[in-house]
Amino acid sequence: MKRSSRKTPAAAASRSPRRKPRPAPSALRKALGAVEEVTITVTGRRSGRKISRPVWFVEDGDRLYLLPVNGAETQWYRNVRRTATVSLRARRSRATVRARPVTDAKRVRRIVRQFRAKYGPGEIKKYYSRPDVGLEIRLL
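Numbering-wise, the sequence shown is residues 1365 to 1504 according to my numbering.
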């Protein structure tokens, strides 16, 4: 009996990735230098839908830091706690990355100082009511 050379749909799907290729991180890093905010897309922890928000950021070496406006109670931060894979967009550059919560008070204070230096102490005081957590994203 001759075997068919055609693959089953499940076998074909397992061998061909359906995700878009990740852009070169250098393109995103260049774009970060030209913008004041990035768009972060997270997965809703209950709905499973993609939710996008503009957020401020600071760079420190190969790390990108975000501060949730309402601290640990910010909805997009709570979503990231459930699903750590997020999408970042700056201008036309996009990247899918993993985000890590920063809860250590000393590290959060350092991030807040960096935000104050970049955006001004008045702006940070006005918009960030509870800077008790942050988010770290490693840019490769």
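Note that the Cβ used here is the ideal one computed from N, Cα and C, for glycine as well.
Computed from a predicted model, the values in this text were never measured in an experiment.
- Task: Determine the DSSP secondary structure at SER1416, reduced to helix, strand or coil.
- Result: Stepping through the sequence shown from its first residue, residue 1416 is reached at position 52. Strand, per DSSP.
- Message: Could you tell me the alpha carbon to alpha carbon distance between ALA1469 and LYS1414, rounded to whole angstroms?
- Response: Taking the first residue of the sequence shown as position 1, residue 1469 is located at position 105. Taking the first residue of the sequence shown as position 1, residue 1414 is located at position 50. Each residue's Cα considered, the two are about 30 angstroms apart.
- ALA1388 (DSSP reduced to helix, strand or coil): Within the sequence shown, residue 1388 is the residue found at index 24, counting from 1. Any reading at ALA1388 needs caution, since the residue's pLDDT is 46, under 50, leaving its predicted position unreliable; the model's value is listed next. Coil at ALA1388, not helix or strand.
- Between GLN1478 and the rest of its own chain, which residues show a CB-CB distance below 6 angstroms, the 5 nearest in sequence each way excluded? Within the sequence shown, the letter at position 114 stands for residue 1478. Taken in chain order, the residues that qualify are VAL1422.
- According to DSSP, is GLY1498 helix, strand or coil? Here residue 1498 refers to the residue found at position 134 when the sequence shown is read from its first residue. Strand.
- N-terminal and C-terminal residue of the alpha helix (DSSP H) that PRO1485 is part of: Residue 1485 sits at position 121 when you count from the first residue of the sequence shown. Looking at the DSSP string, the run of the alpha helix (DSSP H) that includes PRO1485 is 1485-1491.
- Item | Cβ neighbour criterion (16 or more within 10 Å) applied to PRO1485 | As a working mapping, residue 1485 is identified with position 121 in the sequence shown. The residue is exposed, with fewer than 16 neighbouring Cβ atoms inside 10 Å.
- Thinking C-alpha only, which one of ARG1462, ARG1453, SER1457 and LEU1452 is nearest ARG1445? Here the question's residue 1445 lines up with position 81 in the sequence shown. Measuring from the Cα of ARG1445, the nearest candidate turns out to be ARG1462.
- Item | Expected contact under 8 angstroms - CB spacing of ARG1427 and LEU1503 to nearest Å | On the sequence shown, position 63 is the one that residue 1427 refers to. On the sequence shown, position 139 is the one that residue 1503 refers to. Their Cβ separation, rounded to whole angstroms, is 7 angstroms, which keeps ARG1427 and LEU1503 in contact under 8 angstroms.
- SER1411 to ARG1456, Cα distance in whole Å? Indexing the sequence shown from 1 puts residue 1411 at position 47. Indexing the sequence shown from 1 puts residue 1456 at position 92. Distance between the alpha carbons of SER1411 and ARG1456: 27 angstroms.
- Same chain only: Cβ atoms within 6 angstroms of THR1405, ignoring 5 sequence neighbours per side: Working through the sequence shown from its first residue, we reach residue 1405 at position 41. Excluding residues within five positions, the ones whose Cβ falls inside 6 angstroms are LYS1414, SER1416 and SER1451.
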